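First comes the structure, then the notes that go with it.
In our numbering, the protein residues as written are 12 to 360.
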């Protein structure tokens, strides 16, 4: 009897340990319930490799992640491309580089978002070119391509000890993704492609939240049309992601002319589709740091005011991409290697 009792206890302990290990396997990396204040920093490896030096506000050279953390950043977003080139500005972001960057973010206690472009290079409203390796594939094979690739990247991340809190299926997809098959001209196919990405993510990391992402976050008509279609076609997702760049709107109007439209759209998306919302890309002119600071404070306030705590956070796109290195006008960094005043907006409570 005593022997059987001991065996039973040992069996129970083993089962509890296995359950704990299983739960830990799927635990989201560095998850908190705090408001997400983030940055897409996918250019960082190239900037470091080409010798760009990052300095804190006092001008002292310092680890870039520490500078971000000291500015209130708690979330890192990383784009991933299928078979990218080695080009400084339009390459890199391979699976291997994404995993390496995610590991660095994890070590600094950052929450993690992965952004699948489903391309070998930039995917955005102007272009959604399918990866070269997928060209010529029939639609059935293309569906498998999406699942296999997504599953592979997610598995590589998990093996490195990372389960991203958020994962995007597609990047700025108002016209769809993986053209021509995934164009909005064929919504049933687009929804199938989205769902293959969703299913692959959940198969590896069931607790990760899947984001669908459009540009022009102030454009409610654009969002309603797209997400009504997504609903009708049963596209699967958890979070609505928005880009907000007043600079890229017609005439580059000041943010004060569109910020209330952003707020209206955030609130409408959360209520209409019963989803969480998040500004996954934002940016202002590096040459106008005070204006960008004011805009970032306003955007964070609008997201925080979304009812029922459905506003998750705000992420700056490539804040460190100083103009002298990237020739990008919307960073929040100076050519002297120091963050501009704009970054102080993330310290505001």
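Glycine included, each C-beta is placed from N, C-alpha and C at the ideal position.
Note that the structure is predicted; figures quoted are calculated from it, not measured.
Could you tell me the alpha carbon to alpha carbon distance between residue 302 and residue 256, rounded to whole angstroms? Translated into the one-based positions of the chain shown, residue 302 becomes position 291. Translated into the one-based positions of the chain shown, residue 256 becomes position 245. One C-alpha to the other measures close to 13 Å.
Inter-residue Cα distance where the pair is residue 348 and residue 82: Here the question's residue 348 lines up with position 337 in the chain shown. Here the question's residue 82 lines up with position 71 in the chain shown. Residue 348 and residue 82: Cα-Cα distance of roughly 15 Å.
Coil, strand or helix - residue 32 by DSSP: Along the chain shown, read from residue 1 onward, the residue named residue 32 stands at position 21. Residue placement at residue 32 is flagged as unreliable, the pLDDT there being 48, under the threshold of 50; the coordinate-derived value follows with that caveat. DSSP, reduced to helix, strand and coil, places residue 32 within a helical segment of the structure shown.
What's the call for residue 32, buried or exposed, on a 16-neighbour Cβ count within 10 Å? The sequence position of residue 32 within the chain shown is 21, counting from 1. At residue 32, the pLDDT of 48 sits below 50, so the modelled position is not reliable and the matter cannot be decided from this model.
Are the beta-carbon atoms of residue 165 and residue 49 separated by less than 8 Å? Sequence index remark: in the chain shown, residue 165 carries index 154 (1-based). Sequence index remark: in the chain shown, residue 49 carries index 38 (1-based). No. Outside cutoff.
Is the CB-CB distance between residue 223 and residue 185 below 8 Å? Counting from one through the chain shown, the residue named residue 223 turns up at place 212. Counting from one through the chain shown, the residue named residue 185 turns up at place 174. No, these two residues do not count as a Cβ contact at 8 Å.
Report the three-state DSSP secondary structure of residue 86 (helix, strand or coil). As a working note, residue 86 is residue 75 in the chain shown. Note: residue 86 maps to strand in three-state DSSP.
Rounded to a whole number of angstroms, what is the C-alpha to C-alpha distance between residue 60 and residue 108? Translated into the one-based positions of the chain shown, residue 60 becomes position 49. Translated into the one-based positions of the chain shown, residue 108 becomes position 97. A straight-line Cα-Cα distance of about 13 Å links residue 60 and residue 108.
Take the Cβ of residue 253 as the centre, count every other Cβ of all protein chains shown within 10 Å, and call the residue buried at 16 or more, exposed below. The residue labelled residue 253 in the question sits at position 242 within the chain shown. Looking at its Cβ environment, which holds 16 or more other Cβ atoms inside 10 Å, residue 253 is buried.
Would residue 127 pass as a contact of residue 178 if the rule is Cβ separation under 8 Å? Here residue 127 refers to the residue found at position 116 when the chain shown is read from its first residue. Here residue 178 refers to the residue found at position 167 when the chain shown is read from its first residue. Contact: yes.
Could you give the DSSP three-state label for residue 354: helix, strand or coil? In the chain shown, counting from the first residue as 1, residue 354 sits at position 343. Reduced to three states, the DSSP call for residue 354 is helix.
Do residue 78 and residue 139 count as a contact pair if the criterion is CB distance below 8 Å? Along the chain shown, read from residue 1 onward, the residue named residue 139 stands at position 128. Along the chain shown, read from residue 1 onward, the residue named residue 78 stands at position 67. No, Cβ-Cβ distance for residue 139 and residue 78 is not below 8 Å.
Any 3 or more C-beta pairs closer than 8 Å across the stretch 90–97 and the stretch 59–76: No, they do not touch.
Under a three-way DSSP split, which group does residue 127 fall into? Looking up residue 127 in the chain shown gives position 116. Looking at residue 127 - three-state DSSP - the assignment turns out to be strand.
Provide the residue span of the alpha helix (DSSP H) that contains residue 50, from first to last. Mapped onto the chain shown, residue 50 falls at position 39. Counting along the chain, residue 50 falls outside any alpha helix (DSSP H), though it belongs to the beta strand (DSSP E) covering 47–51.
Best match in 320, 249, 259 for proximity to residue 340 [C-alpha to C-alpha]: As a first step, residue 340 is located in the chain shown; it is residue number 329 there, counting from the start. Ranking the options by Cα distance to residue 340, first place goes to 259.
Say whether the stretch 263–283 touches the stretch 317–331, bearing in mind that this needs 3 or more beta-carbon pairs closer than 8 Å, one atom from each stretch. With the cut-off at 8 Å, the stretch 263–283 and the stretch 317–331 touch.
Using beta-carbon positions only, say whether residue 308 and residue 274 come within less than 8 Å of one another. Here residue 308 is taken as the residue at index 297 of the chain shown, counted from 1. Here residue 274 is taken as the residue at index 263 of the chain shown, counted from 1. Judged by beta-carbon spacing, residue 274 lies beyond the 8 Å limit of residue 308, meaning their Cβ atoms are not closer than that value.
Distance between beta carbons of residue 310 and residue 288, contact taken as under 8 Å: Taking the first residue of the chain shown as position 1, residue 288 is located at position 277. Taking the first residue of the chain shown as position 1, residue 310 is located at position 299. In fact, because the Cβ distance is near 12 Å, the residues do not count as touching under 8 Å.
Rounded to the nearest angstrom, what separates residue 346 and residue 66 at their Cα positions? Numbered from 1 along the chain shown, position 335 holds the residue referred to as residue 346. Numbered from 1 along the chain shown, position 55 holds the residue referred to as residue 66. Rounded to the nearest whole angstrom, the C-alpha separation of residue 346 and residue 66 is 10 Å.
Let me know the secondary structure DSSP gives residue 119 once reduced to three states. On the chain shown, residue 119 is found 108 positions in, with the first residue counted as 1. Of the three classes helix, strand and coil, the one that applies to residue 119 here is coil, per DSSP.
Helix, strand or coil: which one does DSSP assign to residue 24? As a first step, residue 24 must be located in the chain shown, where it is residue number 13. The predicted model places residue 24 with a pLDDT of 48, which falls under 50 and marks its position as unreliable, so this point remains unresolved.
Could you compute how far the alpha carbon of residue 205 sits from the alpha carbon of residue 147? Residue numbering aside, residue 205 sits at position 194 when the chain shown is read from its first letter. Residue numbering aside, residue 147 sits at position 136 when the chain shown is read from its first letter. Roughly 20 Å between the two C-alpha positions.
Per DSSP, cross-strand counterpart(s) of residue 289: Working through the chain shown from its first residue, we reach residue 289 at position 278. Answer is 252.
Tell me the residue span of the beta strand (DSSP E) that contains residue 259. As a first step, residue 259 must be located in the chain shown, where it is residue number 248. Residue 259 -> no beta strand (DSSP E), and no H or E assigned at all.
Rank 133, 122, 169 by C-alpha distance to the C-alpha of residue 44 and give the top, closest one. Locating residue 44 in the chain shown gives position 33, counting from the first residue. For residue 44, the nearest C-alpha among the options comes from 122.
Suppose the cutoff is 7 Å on Cβ atoms and the five residues either side in sequence are ignored; what does the same chain contact list for residue 145 look like? Translated into the one-based positions of the chain shown, residue 145 becomes position 134. Same-chain partners within the cutoff: 153, 156.
Residue 209 beta carbon less than 8 Å from that of residue 379: No statement about residue 379 is possible, as the shown extent of the chain runs from 12 to 360 and does not include it.
Could you give the residue range of the beta strand (DSSP E) that holds residue 78? Looking up residue 78 in the chain shown gives position 67. From DSSP, residue 78 is part of no beta strand (DSSP E) but of the alpha helix (DSSP H) over 75–81.
Nearest to residue 350 by alpha carbon, out of 360, 312, 298? Position 339 of the chain shown, counted from the first residue, corresponds to residue 350. Distances from the alpha-carbon of residue 350 to those of 360, 312, 298 put 298 closest.
Just curious, the beta strand (DSSP E) that residue 326 is in, first and last residue? On the chain shown, position 315 is the one that residue 326 refers to. Taken as a continuous stretch (DSSP letters only), the beta strand (DSSP E) holding residue 326 covers 322–328.
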